[in-house]
Amino acid sequence: MDKSIGEINMSEITVDINLCTHCFEDTSFSAGNGKFVNRIPSDAGWMCAECQSVPCDNCEKLTLSYEVTPDGNWICEDCIKVDVR
Ligand SMILES: [Zn+2]
Ligand SMILES: [Zn+2]
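Heads up, the sequence shown is in the numbering used here, so the first residue is 524 and it goes up one at a time.
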């Protein structure tokens, strides 16, 4: 019975490819949850913007536009601006 798992038909796979490979949220346009706009191609399909975001090591806000400092911290766009030397 377990072997039936290997027999998923191709049409189901096409549907699943719209799911975020990380949180499995539907990123397809028809889902209407806004994730389609910000989704990013990943190895096996798509990743939604939230899953691409990292927590800023300075203000702990989730951010997509971060920079890695020489000592390996993730700093968000806002904190980069504040930190201009
Ligand atoms: Zn996600
Ligand atoms: Zn920050």
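Glycine residues also receive a C-beta, built at the ideal position from the N, C-alpha and C atoms.
With contacts defined as CB atoms closer than 8 Å, T544 and S576 fail to qualify as a contacting pair. With respect to the 8 Å criterion, L587 and G568 are not classified as neighbours on the basis of their beta carbons. Within the same chain, and ignoring the five residues on either side of C602 in sequence, the residues whose Cβ sits closer than 7 Å to its Cβ are C579, N581 and C582. Around the beta carbon of I563, fewer than 16 other beta carbons lie within 10 angstroms, which makes this residue exposed. When rounded, the separation of the alpha-carbon atoms in F547 and G557 is 14 Å. Annotation for C599: no alpha helix (DSSP H) segment contains it, though the beta strand (DSSP E) segment containing it runs W597 to C599. In this structure, DSSP gives I540 a state outside helix and strand, which the three-state scheme calls coil. Counting only runs that start and end inside the stretch 544-586, the beta strand (DSSP E) elements of at least 3 residues fall at 563-565 and 568-570.
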